[in-house]
Amino acid sequence: MARLRVVFLWHMHQPFYKDLVAGEYRLPWVRLHALKDYYGMVKLLEEFPAVHQTFNLVPSLVAQLQDYVAGTARDPFLEVVAKPATELTPEEQRFALEYLFQANPTHMIGRYPRYRQLWESFRSAGENAERAAKAFSAQDFTDLQVLSQLAWFDEFFHEEPDVRELVKKGSGFDAGDQRFIVERQRELMSRVLPAYQEAAQRGSIELSCSPFYHPILPLLCDTEVARAASPGLPLPQERFRHPEDAAEQLRRAIEFHEKTFGTRPRGAWPSEGSVSEEVLALAHEAGLEWMATDEGILARTQGSGFPRDGSGRLLTGGAERLYNIYRYEKDGASLHLLFRDHTVSDMIGFVYAGVPAEVAAVELIRRIKESAQSVLNAGRDAVVSVILDGENAWEYYPHSGREFLRRLYAGISGDPVMEAVTVWEAIERHSDFGRLGGIAPGSWINANFEVWIGPPEDNRAWEYLSAARNFYQEAAPEAAEDDRRLAWEEILIAEGSDWNWWYGPHHHSANDREFDELYRKHLSNVYHLLGATPPEALAQPIARVEVRPHLVGQTAFIRPTIDGELSSYFEWLGAASCVADRRTSAMHGKQYVLGSIHAGVNDTMLFGRLDFVGGVPPGTLEVVIKLESTEAGSDQIRQKLLLEIAVEERVISGWSVRRGEEHPGHEEEATQPASGLVVRLSKVLEFALPLAELGAARGNRIRLRCSVWRDHLPVDALPLEGWLDLDVVSEEELAARA
0 MARLRVVFLW HMHQPFYKDL VAGEYRLPWV RLHALKDYYG MVKLLEEFPA VHQTFNLVPS
60 LVAQLQDYVA GTARDPFLEV VAKPATELTP EEQRFALEYL FQANPTHMIG RYPRYRQLWE
120 SFRSAGENAE RAAKAFSAQD FTDLQVLSQL AWFDEFFHEE PDVRELVKKG SGFDAGDQRF
180 IVERQRELMS RVLPAYQEAA QRGSIELSCS PFYHPILPLL CDTEVARAAS PGLPLPQERF
240 RHPEDAAEQL RRAIEFHEKT FGTRPRGAWP SEGSVSEEVL ALAHEAGLEW MATDEGILAR
300 TQGSGFPRDG SGRLLTGGAE RLYNIYRYEK DGASLHLLFR DHTVSDMIGF VYAGVPAEVA
360 AVELIRRIKE SAQSVLNAGR DAVVSVILDG ENAWEYYPHS GREFLRRLYA GISGDPVMEA
420 VTVWEAIERH SDFGRLGGIA PGSWINANFE VWIGPPEDNR AWEYLSAARN FYQEAAPEAA
480 EDDRRLAWEE ILIAEGSDWN WWYGPHHHSA NDREFDELYR KHLSNVYHLL GATPPEALAQ
540 PIARVEVRPH LVGQTAFIRP TIDGELSSYF EWLGAASCVA DRRTSAMHGK QYVLGSIHAG
600 VNDTMLFGRL DFVGGVPPGT LEVVIKLEST EAGSDQIRQK LLLEIAVEER VISGWSVRRG
660 EEHPGHEEEA TQPASGLVVR LSKVLEFALP LAELGAARGN RIRLRCSVWR DHLPVDALPL
720 EGWLDLDVVS EEELAARA
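To convert, note that position 346 of the sequence shown is 345 in numbering that gives the first Met the number 0; the numbers rise steadily by one, no gaps.
Following this line, the structure appears as structure tokens:
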């Protein structure tokens, strides 16, 4: 009798959140998902010995888990949870309110009445953390600290007596409860990796991997491949072509996997299901025996899609092609390939959460069987590949989707035709393989790479990566071994797919700003570790998400005295200004240095003023003021000027001017004098510069932005995005605009 084999591949992944230079985690999702889905998904299979599955564990995720379990992870989010509520600073209170409600409001927050009550209080304050903090008592904060963590505890952990008692308590938590919820996390996380190893040893699961830091391998090999999938796609100005990086990401992943679990992986889910012929050749060279990707890749490779009926079930012909295992052979490279059923996989990820579990499980099994029936009727075995994220979907299901999964697994186990097998079991039991002599490049999304390259933000991110990669190649030979090693690690981290996932128009989250800042921090660390100053551009966000600074244009000529003092309110009256809204970046530990900038012109001079939050910061820092003059009514740049001001213990120790493009690490080559430049620092920083030094004349526009750096890394910037613009026009025209 022909068999219907269902291959479940659960992809477990999080970006690399650790800042290697600062040594701390910038987002908490590895820890929180380790308390929840990483453990529960594999533990559940103990109840269904006949159900075998494949779990794809990304090495960078595993490395972060090991860091937490070893007790060496510095997690500022957990530190705020652990701190007594009465000792929280206003900034920490704001942070707690910004972050500790980041959970599904129905199935995680709503599961705990007190947590929901606190969330409603936060919402009634317009989700404004500063306003809400005034209404929150110390007890409110303590309850929030405890419940925000408890909401992530796995269903299996809820069965343990001490956790069950805490859930039963419900509210009125105390310092002892707070300590328990913090200290217990490390012990619970320590169970995750052993659970996978034990399941693999008893044959319940197969463990596969992805490239180490989850890069899009075809784009690492050559960004031009994106045009093979999307002809005419705009690409970065500089072509990124480093197949050696792709090979290292694969090699490291396989070696790390073997060191961690004791066996080499037979196969891999390439990051985002992204493949190309060059990638399959690298996989073969690395010793992999199988890879999986999406049905869209097979459709483009074969020149024929997979039509479905009105219910989404595959029609005859499509099922015969998709529900098969293929043998890829080209130029000496050979590999088994599986192609995911896109519709079925997405139904689990995005649809069945809203359907009663018993209905969803029965409907899914029926859908799979009906789609595969034509293959079975022909006397051939059918292999249905169900591949999706193994963690994020379950926040949208009641009780983490456990009832749905239990009913699904039970239904498959009890069906005489169906069996749930690992990828390798499916390959071993298969006999009638399809044949492929080539592969169309693409990813699991639309069989192209447009999520990660093409839009302006994505291309800018690639350009910054290219610049850092090139700089590493030039500067690394002269660096100390430890610095060179860390800088290279930062390059590999920045090659990960997750940063570009959030750039461009396709995806957005509450943490867009944090992902953007962390990506630029990884790249900045490359320059810093190799003894250079990062490009000023890395102080500015790549992501064009909504920000709320208060911008005011210039309305009158100004003639302030440049002395670093706030001598008179009237001397800056009429200047353009940008006042920071510190709510726009909720990254914990973010240093807010710049409060506002003011700037203006008169007939001959440009003036600027920087106001600092809480006064001029102590220690060593550098203030960078970037100035550009442009043609009237266009973005054509006439002159660029970078004013760099060194400050030691609130005193200017020197400044320099660089013109034209930036040359990180080679500032002395670009330094030039600026005639008539005056810079002063006392309570504020003020400067004056003749317009002639910028080549600015009547009808031109001047734009400026400022950033503050410490230890050669960006700390703060204003405007956070874009520029403060000044039009070089007559005083009469400015007055008319007022």
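Every residue, glycine too, gets a C-beta built ideally from N, C-alpha and C.
Contact the region 525-536 vs the region 725-734: 3+ CB pairs below 8 Å: no
If you draw a straight line from the alpha carbon of Leu-187 to that of Thr-259, how long is it in whole angstroms? 19 Å
Is it buried or exposed, Asp-602, if we count other Cβ atoms within 10 angstroms and call 16 or more buried? Around the beta carbon of Asp-602, a 10 Å sphere encloses fewer than 16 other beta carbons of the protein chains shown; the residue is thus reported as exposed.
Beta-carbon separation of Lys-682 and Glu-564 under 8 Å? yes
With distances taken between CB atoms, is the gap from Val-385 to Asp-340 smaller than 8 Å? yes
Helix, strand or coil for Lys-17, going by three-state DSSP, please let me know. strand
Supposed contact pair Ile-541 and Glu-456 - C-beta distance, whole angstroms, cut 8 Å: Correct: roughly 5 Å between the Cβ atoms.
For Phe-172, which residues from the same chain have a beta carbon less than 7 Å from its beta carbon, with the 5 sequence-adjacent residues on both sides left out? Thr-141, Asp-142 and Val-145
When Asp-293, Tyr-322, Glu-243 and Asp-710 are compared against Ala-285, the one with the closest alpha-carbon: Glu-243
Assuming the contact rule is C-beta atoms closer than 8 Å, Arg-93 and Ala-132 should be a hit. Round their C-beta distance to whole Å, please. About 6 Å; that satisfies the 8 Å criterion.
Among the residues of its own chain, which have a CB less than 7 Å from the CB of Ser-508, if the five just before and after it don't count? Trp-501
Proximity below 8 Å, CB of Ile-426 to CB of Ile-324: yes
Option in Ala-298, Val-678 and Leu-19 with minimal Cα separation from Gly-437: Ala-298
Counting only the same chain and skipping the five closest in sequence on each side, list residues whose C-beta sits under 6 Å from that of Asp-36. Glu-390 and Trp-393
Proximity of Ala-466 and Ala-493 at Cβ, strictly below 8 Å: no
Per DSSP, Asp-752 forms a beta bridge with which residues? Past the edges of the chain, shown from 0 to 737, lies residue 752, and the structure says nothing about it.
Could you pull out every residue in the same chain whose Cβ sits closer than 6 Å to the Cβ of Val-102, ignoring the five residues on either side in sequence? Strictly speaking, residue 102 in this sequence is Ala, with Val absent from that position. Ile-108 and Ala-150, listed in sequence order.
Work out the CA separation of Ser-576 and Val-707 for me, nearest whole Å. 17 Å
According to DSSP, simplified to helix, strand and coil, what is Lys-133? helix
Integer Cβ distance of His-505 from Val-20, believed to fall under 8 Å: Rounded to the nearest angstrom, the Cβ distance from His-505 to Val-20 is 30 Å, too far for a contact under 8 Å.
Mapping DSSP to helix, strand and coil, what is Ser-465? helix
Within its chain, find whatever has a CB closer than 6 Å to the CB of Pro-559; leave out the 5 residues flanking it on each side and keep chain order. Glu-570, Trp-571 and Phe-606
How would you write the range of the beta strand (DSSP E) that Pro-689 sits in, first residue to last? 684-689
Under 8 Å, do Glu-294 and Ser-442 count as touching if we go by C-beta distance? The answer is no: Cβ separation not under 8 Å.
For Val-623 and Leu-641, believed in contact at Cβ under 8 Å, the rounded distance: 6 Å
Assess, as a yes-or-no matter, whether the region 201-214 is touched by the region 239-256 under the definition of 3 or more beta carbon pairs within less than 8 Å. yes
Quick check on Arg-547: does DSSP put it in helix, strand or coil? The predicted position of Arg-547 is uncertain, since its pLDDT is 46 and thus under 50; no value can be drawn from it.
Going by other Cβ atoms of all chains shown within 10 Å of its Cβ, with 16 needed for buried, is Gly-316 buried or exposed? By the neighbour-count rule (16 or more Cβ atoms within 10 Å), Gly-316 is not buried but exposed.
Ignore the nearest five residues each way along the sequence and tell me which others in Glu-666's own chain have a CB closer than 8 Å to its CB. Its pLDDT being 43, under 50, Glu-666 is placed unreliably in this model, and the coordinates cannot settle the point.
Could you tell me how far apart the beta carbons of Gly-675 and Glu-692 are, in whole angstroms, since I believe they sit closer than 8 Å? 7 Å
Anyone know if the C-beta pair for Leu-337 and Ala-291 falls short of 8 Å? Result yes, Cβ atoms of Leu-337 and Ala-291 sit closer than 8 Å.
Spatial distance of Arg-185 from Arg-702 (CA atoms): 50 Å
Looking at the structure shown, is Pro-455 part of a helix, part of a strand, or coil, going by DSSP? Here Pro-455 sits in helix by DSSP.
In the DSSP assignment, what are the bridge partners of Glu-643? Answer is Val-623 and Ser-655.
If you measure between the beta carbons of Leu-464 and Tyr-16, is that distance less than 8 Å? no
Need the endpoints of the beta strand (DSSP E) that Asn-510 sits in, please. Here Asn-510 belongs to no beta strand (DSSP E), and DSSP marks it neither H nor E.
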